[in-house]
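See structure below.
Number of protein chains: 2
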Amino acid sequence: MQTRESNAVDTAGRIMDVAERLIRTGGYDAFSFREIATELGIKSASVHYHYATKADLVAAVAKRYTDRFIDALGDNSGDPEHMIDHFIANYRASVAHENLMCLCGMLGAEIARIPPSVADHVIQFFHQNLEWIRPVLARRGDPDPYASAYALVAALEGGLLLARSIGSLVPFDAAARQARRL
Amino acid sequence: MQTRESNAVDTAGRIMDVAERLIRTGGYDAFSFREIATELGIKSASVHYHYATKADLVAAVAKRYTDRFIDALGDNSGDPEHMIDHFIANYRASVAHENLMCLCGMLGAEIARIPPSVADHVIQFFHQNLEWIRPVLARRGDPDPYASAYALVAALEGGLLLARSIGSLVPFDAAARQARRL
DNA sequence: ACTTGCCTATCTATCAGTAGGTAGGCAACA
DNA sequence: TGTTGCCTACCTACTGATAGATAGGCAAGT
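Chains A and B are the protein sequences, given in the same order. All residue numbers for the first sequence refer to the working numbering, where the first residue is 58 and numbers rise by one. All residue numbers for the second sequence refer to the working numbering, where the first residue is 58 and numbers rise by one.
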């Protein structure tokens with residue numbers, strides 16, 4: 058047998074990589090263990106070794122996605138205008154770089170059909186995003202930062218959805234510009 | 058055999074009714090011909106009699122949904138403020154009355170995975186919506202009605218998505234109010 | 001040094017269930 | 001008689017999931 062450079066962490070991570078891309082393309086029901094396995098050159102039983110059930114896998118993907126997203130946002134204590142642009146840019150990258158939907162936007166649309174363990178992570182994603190942007194909007198002098206945070210996140214998720222549907226970034230940029238107005 | 062009151066039109070329509078609800082709950086891959094058939098008390102082969110393929114069925118559902126939606130919007134030549142409220146109300150009813158996503162919002166998220174015949178209808182839905190609201194915004198004195206139409210539709214679709222995820226209408230109303238500002 | 005024992009990561013093979021789809025029949029109706 | 005609408009019965013392909021085997025690594029005990 059050849060020297061093996063892979064290990065459990067690598068394979069488990071690669072499985073999540075493929076799963077994330079497939080979910081962000083077609084949603085929870087639009088991928089299978091076999092599809093992931095084939096793409097990685099392993100067997101579906103090996104995917105089950107790392108993630109016992111589909112719910113487990115998607116929950117792990119959702120948790121990693123949320124953690125990375127919040128981590129990429131970083132500290133929210135800088136200049137509000139710059140922070141808002143930074144927030145928007147993180148959403149924009151989703152569709153701009155790989156033409157993918159936000160993972161939790163996709164799963165959020167399917168929230169009534171996905172396993173509760175996955176839904177919990179999706180809800181957490183939105184709460185953490187809202188809590189990141191709300192104080193920024195408040196510092197900017199927004200009279201109702203709660204409502205404006207909801208409005209901004211909704212506009213960005215809808216902007217991603219519309220941009221992918223129409224096949225152009227114009228709707229996203231229009232939605233983002235409108236929603237960031239004071 | 059009992060007296061049969063059903064006919065082709067009724068069954069075909071009922072099939073679309075069930076399909077529409079299931080798609081708006083979980084998306085294209087989250088329902089089956091068997092699920093529809095069972096709910097209607099018929100067999101999956103009978104569903105195939107009315108709609109040869111899944112793509113045919115979903116395309117028919119998307120077309121009917123778009124036609125009904127545009128029909129419900131009606132004439133757009135009235136008072137702009139009232140027309141905008143009316144436009145928003147049509148989206149709001151989606152989640153408010155049955156806790157369902159907009160059909161084309163759901164399919165739009167999955168646009169990269171659904172059959173082209175379905176995707177065409179989804180794109181048509183958005184174009185028709187944009188063309189309905191754009192002149193309204195223009196009459197209202199909007200300096201960039203194209204961008205504002207994109208922003209409004211994006212906000213409403215995102216509002217639906219977020220409202221269903223969070224389990225509250227507050228995000229939708231916040232997004233709608235923000236996006237309708239001049 | 002060697003053996004024992006457990007762990008990791010993968011495999012083959014298989015399961016029951018469900019997917020979309022098809023062929024042919026049968027009864028009601030125009 | 002021909003068409004409509006639904007049926008039974010079936011197909012192939014694929015789903016998530018499981019069982020059992022295997023090969024290699026690591027570490028403690030002798």
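Positions of the beta carbon are idealized from the N, C-alpha and C atoms, including for glycine. All of these numbers come straight from a predicted model, not from anything done at the bench.
Any beta-carbon of chain A closer than 9 Å to the one on residue i?
i       : result
S205(B) : yes
L114(B) : no
D86(B)  : yes
R173(B) : Looking at the sequence provided, one finds Pro at residue 173(B) rather than Arg. So no, P173(B) is outside the interface.
V134(B) : Residue 134(B) is actually Ser in this sequence, not Val. It does not; no Cβ of chain A falls within 9 Å.
R234(B) : yes
S101(B) : no
E92(B)  : no
I180(B) : yes
N156(B) : yes
R197(B) : no
Less than 9 Å between the C-beta atoms of residue i and residue j, yes or no?
i       : j       : result
A153(B) : L226(B) : yes
G84(A)  : A232(B) : no
R71(B)  : E138(B) : no
R170(A) : T82(B)  : yes
L160(B) : Y122(B) : yes
P192(A) : N133(A) : yes
M140(B) : L217(B) : no
A236(B) : L213(B) : yes
On the criterion of 16 or more Cβ atoms from any shown chain inside 10 Å, does residue i qualify as buried, or is it exposed?
i       : result
E77(B)  : buried
A166(B) : buried
R125(B) : exposed
K100(B) : exposed
P98(B)  : Before going further, note that residue 98(B) is Gly rather than Pro in the sequence given. Exposed, since its Cβ has fewer than 16 Cβ neighbours within 10 Å.
L79(A)  : buried
Can you find a C-beta in chain B that's less than 9 Å from the C-beta of residue i?
i       : result
F183(A) : yes
I141(A) : no
I223(A) : yes
L194(A) : no
G165(A) : yes
I145(A) : no
I168(A) : yes
Alpha carbon to alpha carbon, how far is residue j from residue i? Give it in angstroms, no decimals.
i       : j       : result
A117(A) : H105(A) : 13 Å
D177(A) : H178(B) : 32 Å
E62(B)  : D113(B) : Caution is warranted here: a pLDDT of 37 is assigned to E62(B), below 50, making its placement in the model unreliable, and the coordinate value is therefore given only provisionally. Cα to Cα, E62(B) sits roughly 26 Å from D113(B).
R221(B) : Q181(B) : 24 Å
I190(B) : L209(A) : 21 Å
I127(A) : E188(A) : 10 Å
F229(B) : D86(B)  : 26 Å
A146(A) : F88(B)  : 35 Å
Chain-ordered residues of the stretch 206–219 of chain A with a beta carbon less than 9 Å from chain B = Of all residues in the stretch 206–219 of chain A, A206, Y207, A208, L209, V210, A211, A212, L213, E214, G215, G216, L217, L218, L219 have a Cβ within less than 9 Å of some Cβ in chain B.
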